[in-house]
Structure formats: C-alpha cells, structure tokens
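One structure is given here, and the rest of the page talks about it.
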Amino acid sequence: MSRPGQNDCGLRTTDCGLRIADCGLIAEIVSSNPQSAIRNPQSNVSYSLFVLALLLCTQFIYAFARDDYPRNAAIDAIHYRLRLMIRETSEEIQAEAEILFELKEDGVKTIALDLRGLTVVQVTEDKRAAKFTRADGRVQISLSGSYRNLGMVKREGADLELYYYLFPRDRDKGIKGYGRALQMIEFYSNLIGPFPYEKLALVQSSTRYGGMENASNIFLAEDTFGEGVVAHEIAHQWFGDAVTEADWHHLWLSEGFATYFGHLFFERADGRDKFVQLMLNDKESYLKEYGKDPPPIYDPSITDLLKLLNANSYQKGGWVLHMLRYVMGDEKFFAGIRDYYRTYRDRNALTDDFRKVMEFHYGQPLAWFFKQWIFESGYPIYEAVWKWDESTRELRIRVRQKQEKTVFRMPVEIEIKAGKEVRREVIKIDEREQNFTFKLDAKPQGLTIDPDEWLLKVANVSEVK
Ligand SMILES: [Zn+2]
9 MSRPGQNDCG LRTTDCGLRI ADCGLIAEIV SSNPQSAIRN PQSNVSYSLF
59 VLALLLCTQF IYAFARDDYP RNAAIDAIHY RLRLMIRETS EEIQAEAEIL
109 FELKEDGVKT IALDLRGLTV VQVTEDKRAA KFTRADGRVQ ISLSGSYRNL
159 GMVKREGADL ELYYYLFPRD RDKGIKGYGR ALQMIEFYSN LIGPFPYEKL
209 ALVQSSTRYG GMENASNIFL AEDTFGEGVV AHEIAHQWFG DAVTEADWHH
259 LWLSEGFATY FGHLFFERAD GRDKFVQLML NDKESYLKEY GKDPPPIYDP
309 SITDLLKLLN ANSYQKGGWV LHMLRYVMGD EKFFAGIRDY YRTYRDRNAL
359 TDDFRKVMEF HYGQPLAWFF KQWIFESGYP IYEAVWKWDE STRELRIRVR
409 QKQEKTVFRM PVEIEIKAGK EVRREVIKID EREQNFTFKL DAKPQGLTID
459 PDEWLLKVAN VSEVK
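Numbering-wise, the sequence shown is residues 9 to 473 according to this note's numbering.
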C-alpha cells in the first residue's frame with residue numbers, strides 16, 4: 009500500500025478544483041488513503057497528526073490556486089477531503105476542505121495555505137475554532153494544539169520508521185493493541201538480526217486473515233487488536249518475508265517461526281509463565297486439530313495449498329523450534345538462528361538448509377531430529393509407571409511410547425519429589441519401552457515428566473505398588 013502523494017505544505021487546490029457541469033451537485037473528493045495515520049504513538053498525550061477544516065467560498069466555477077510559496081519541511085499534508093456545495097440560485101460555491109497533517113518536527117505553531125481566489129469563512133483545528141489571518145491570498149493559521157513527532161525506533165545502522173494506519177474511530181484501541189510494536193522490532197533485531205526493510209507500517213484493513221505479513225506493510229484485520237497477532241506478523245518480517253521457504257510444503261519455516269518468535273517476545277517482555285501458557289495453548293490446538301492420526305508437517309500429499317495453513321505448519325512448527333532450542337541449548341540455538349537469517353536473508357530456504365546451519369552450531373548431526381519431527385508424523389505419548397523398592401531404596405521407572413508410528417528419540421527431563429527434596433534428571437528416551445533406576449534416600453511422592461514444558465508430548469504417570 010502506498011501513501012498518497014506528498015504535499016509539503018498545505019492544499020494544492022489545482023488538485024481538487026472541479027469543473028462543475030451540473031447544478032445541485034455535492035461532490036466529495038477523498039484522497040486515496042481513507043485512514044488516518046499515527047506515527048509512533050508511544051504516548052497518548054499528543055500525536056503528530058491533526059485535522060484542519062476550512063469553510064471556503066468562491067464566485068468562480070473553476071477555482072485555481074498556485075502553490076509557489078516556500079515549502080515547510082516540518083509539515084506533510086497526508087490526506088485531504090473537499091466537499092463542494094453548489095446552489096441553483098447562486099453563482100457562489102461553498103466548499104469545505106478537511107486536511108490531515110502530519111508533523112515531521114516538533115514545535116510547529118503556524119500553517120500557511122495558499123488559497124487565492126477563495127474566501128475563507130471559518131477554520132477549525134481538530135473541531136475547535138482556530139485563529140487565522142489572511143493576506144495576498146494566503147491564509148496563516150495559528151495552531152493551538154501542542155503536537156509532537158513521536159520519534160523513531162533505532163535499528164542497526166539506520167533509523168527505522170514505524171507507522172500505524174488506523175481508522176480514526178479505532179485510534180485509541182489501535183494504540184493499545186499495536187502498542188509494543190517498537191519493543192517487538194527491537195527485540196527481534198537484537199535476537200535475530202537487523203530489521204530487513206526501511207520502514208514498517210501496521211495497517212488496519214480488511215483482510216480475510218487475522219493478519220497478513222506483507223513485507224514492511226502488515227495488514228491487520230479491522231477488529232484485530234491483539235498483541236499476539238502483531239508480534240506474529242512482525243516476526244514474519246524476518247521469517248516468511250526476508251527468509252522465505254522455497255517450497256510451500258516447508259511452510260513451517262514461515263508459520264512455525266512466526267508462531268514461535270511471536271511467543272518469544274512475550275517470554276522476554278512478560279515472563280516465562282505467559283510464554284509457557286502460549287505454548288500450551290498451541291499444543292492444545294494441535295492435539296484438537298489432529299486427534300489420533302496426525303500427518304507429518306512436511307506433507308506433499310496436500311495439493312490444495314490453503315490446506316497448509318494448519319496446526320502442523322503453525323503450532324507444531326513452533327513447538328519444533330522450541331524442542332530444538334531445548335536440545336541445542338539457548339546459546340547454540342540462537343547463534344544458529346542468527347546465522348540462518350544472515351545466510352538466507354532475501355533468499356529461499358528449505359528445511360535441510362536450516363538443519364545444516366543448526367548442525368554447524370550444535371556440532372552434532374540433527375537429521376534424526378528433523379526426520380522425526382518434520383518428515384514423520386505425530387508426537388510421543390509417554391506412559392510412565394514407577395515403583396519404589398524399599399529394600400534397595402530404588403525408584404524404578406518404566407516408560408513406554410504408546411503412539412502408533414514413530415518411536416521418538418528425545419532427552420526428557422523428569423522431576424522426582426521426595427520429602428522436601430526435588431531432584432531433576434535427564435533421561436534419554438529413544439525406544440518403545442525402557443527402564444530407568446534411581447537411588448533415593450526416601451520414597452518419592454511423585455514424578456513429573458518434562459516439568460518445564462519443553463516437549464510436544466502427552467505424558468501419563470502412575471505408581472504401581
Ligand atoms: Zn503467519
């Protein structure tokens with residue numbers, strides 16, 4: 009979406025002067041952008057935007073004005089609307105012009121408009137009467153509002169401009185819902201690499217999806233003000249836009265990444281509990297969508313590409329990254345992510361390309377991981393039974409993988425509670441059925457599999473006497 013033609017200072021009436029053929033006509037001209045723009049609205053005190061409305065009269069059917077006075081670089085008229093009222097009984101044309109200005113700098117006190125040939129009857133500034141004087145066809149308007157340009161977000165090497173385009177009625181809602189976009193951009197820039205484009209706009213618009221991650225120009229559904237969607241679409245600028253899958257069947261490289269990195273913002277900003285809750289919600293959606301016989305993420309049998317917008321590409325894709333992070337550890341995982349972005353920025357990639365970069369940082373093969381999680385189906389269903397042997401002071405655990413197809417290989421953390429002591433152990437589960445034994449001082453009260461929720465799994469634990 010492009011912004012309407014920029015006008016440095018005020019109204020070019022040549023653009024909107026009309027030849028009127030019929031009497032009794034009310035004409036309304038609206039510039040190509042029907043929305044108001046709010047630039048970096050980090051404060052609800054003041055905005056860089058305001059509307060001036062001018063009531064004008066002219067005796068001429070064709071109103072013409074030149075616009076040759078010095079430009080004011082501090083002001084940009086980004087949207088105008090002209091309403092003409094013509095009566096059959098009079099030669100006079102009445103007009104009302106509404107202009108939406110954006111301030112590029114702070115402290116602008118006056119605006120001059122060249123309106124030769126027109127009589128200015130009244131000027132309002134954001135619906136309040138404004139003071140104005142006129143001389144030589146120019147109208148000088150004194151602004152009463154104190155407007156501020158709300159600043160830029162920094163990115164590596166250059167400033168990044170962030171724009172919000174909102175319907176005026178939803179301005180407050182949008183500021184709140186889109187509110188932490190700047191922090192998101194900064195977070196992803198630090199975590200992944202430089203923001204890939206010159207600017208970013210968040211546009212409230214009619215889209216059939218909740219959000220659409222057009223590069224540098226995100227469309228958000230008219231009634232979508234949730235920060236989760238905003239974080240997801242912003243994360244897409246790196247993964248999905250700058251790095252794009254070479255084949256739609258690897259869509260998880262877009263959607264799984266945007267889902268997971270969307271959640272990572274909340275892990276950093278709001279804490280681990282919120283993040284875990286988002287992951288568990290995703291797990292629930294995935295289990296709900298697929299029930300007992302889930303297909304693999306990479307599923308070339310899907311020929312209707314819209315059907316790839318599924319819980320495999322999104323929710324399970326996000327979980328795959330989460331589990332890879334668990335396997336590799338934070339340091340190696342995020343070093344790999346940065347490398348992958350740096351290597352494939354403005355290019356295409358497949359799952360194997362991602363795997364190779366991650367293997368380089370992990371220092372070990374990962375084909376087994378991608379094979380089971382991307383190219384094979386489902387998730388592990390662990391059934392664990394434990395027994396306490398008082399005579400040997402041993403805890404014996406038998407774990408069985410109950411899912412039908414793939415036998416998963418994963419490191420699995422278990423938590424054993426015995427009295428006030430909480431012990432954590434990592435076991436490697438990679439067979440259909442395995443036994444583990446731990447020496448303990450006292451009989452445990454219970455056992456938890458994967459207490460920190462690192463695995464896409466279902467786990468049932470029970471004690472046998
Ligand atoms: Zn997405």
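Ideal Cβ placement from N, Cα and C applies to all residues, glycine included.
Pair within 8 Å by beta-carbon distance, residue i and residue j
i, j, result
"residue 247", "residue 265", "yes"
"residue 188", "residue 81", "no"
"residue 349", "residue 193", "no"
"residue 107", "residue 131", "no"
"residue 251", "residue 186", "no"
"residue 357", "residue 254", "yes"
"residue 389", "residue 413", "no"
"residue 305", "residue 256", "no"
"residue 359", "residue 382", "yes"
"residue 334", "residue 462", "yes"
"residue 101", "residue 65", "yes"
"residue 326", "residue 271", "yes"
"residue 380", "residue 417", "yes"
"residue 395", "residue 469", "no"
"residue 274", "residue 288", "no"
"residue 152", "residue 143", "no"
"residue 365", "residue 337", "no"
"residue 378", "residue 363", "yes"
"residue 455", "residue 405", "yes"
"residue 204", "residue 249", "yes"
"residue 112", "residue 83", "yes"
"residue 408", "residue 429", "no"
"residue 133", "residue 60", "yes"
"residue 308", "residue 385", "no"
"residue 444", "residue 402", "no"
Residue i (DSSP reduced to helix, strand or coil)
i, result
"residue 224", "coil"
"residue 412", "coil"
"residue 219", "strand"
"residue 305", "coil"
"residue 310", "coil"
"residue 318", "coil"
"residue 326", "helix"
"residue 401", "coil"
"residue 384", "coil"
"residue 344", "helix"
"residue 429", "strand"
"residue 296", "helix"
"residue 333", "helix"
"residue 461", "coil"
"residue 339", "helix"
"residue 55", "For residue 55, the pLDDT reaches just 48, beneath the cut-off of 50, and the residue's location in the model is therefore unreliable, leaving the point undetermined."
"residue 34", "Here the model assigns residue 34 a pLDDT of 27, short of 50, so the residue's position is not dependable, and the following value carries that caveat. Three-state result, residue 34: strand."
"residue 467", "strand"
"residue 71", "Below a pLDDT of 50, predicted positions are generally treated as unreliable, and residue 71, at 41, falls in that range; the measurement from the model is reported next regardless. Coil, per DSSP."
Same chain only: Cβ atoms within 7 Å of residue i, ignoring 5 sequence neighbours per side
i, result
"residue 196", "242, 243, 246, 269"
"residue 439", "415"
"residue 553", "No answer is possible for residue 553: the residues shown for the chain start at 9 and end at 473."
"residue 53", "Bear in mind that a pLDDT of 32 at residue 53, under 50, signals an unreliable position, so the number given afterwards is only what the model happens to contain. Taken in chain order, the list of residues that qualify is empty."
"residue 458", "420, 421, 465, 467"
"residue 329", "264, 265, 268"
Sequence-distant residues of its chain with Cβ nearer than 6 Å to residue i (five each side left out)
i, result
"residue 436", "419"
"residue 433", "422"
"residue 218", "229, 232, 237"
"residue 453", "425"
"residue 352", "251"
"residue 147", "121, 123, 128, 140"
"residue 341", "333"
"residue 299", "none"
"residue 283", "271, 274, 275"
"residue 442", "407"
Distance cut-off 7 Å: residue i Cβ against heavy atoms of ligand 2
i, result
"residue 240", "Among the ligands modelled here, namely ligand 1, ligand 2 does not occur."
Nonlocal neighbours in the same chain, by C-beta distance under 8 Å from residue i, ignoring five residues either side
i, result
"residue 209", "9, 170, 171, 172, 173, 224, 225, 226"
request  = Would you list, in sequence order, the uninterrupted alpha helix (DSSP H) runs of no fewer than 4 residues that lie entirely inside the segment 164-208?
outcome  = 179-185, 189-199
task = May I have a chain-ordered list of the beta strand (DSSP E) segments no shorter than 3 residues that lie completely inside the segment 80-167?
result = 83-94, 101-111, 118-122, 127-133, 139-143, 146-150, 161-163
task = Kindly provide the ranges of any beta strand (DSSP E) runs that are 3 or more residues long and lie completely inside the segment 228-291, ordered along the chain.
result = DSSP runs (the beta strand (DSSP E)) wholly in the segment 228-291: 251-253.
query = In chain order, which continuous runs of the beta strand (DSSP E) of length 3 or greater are located wholly inside the segment 351-381?
reply = 355-357
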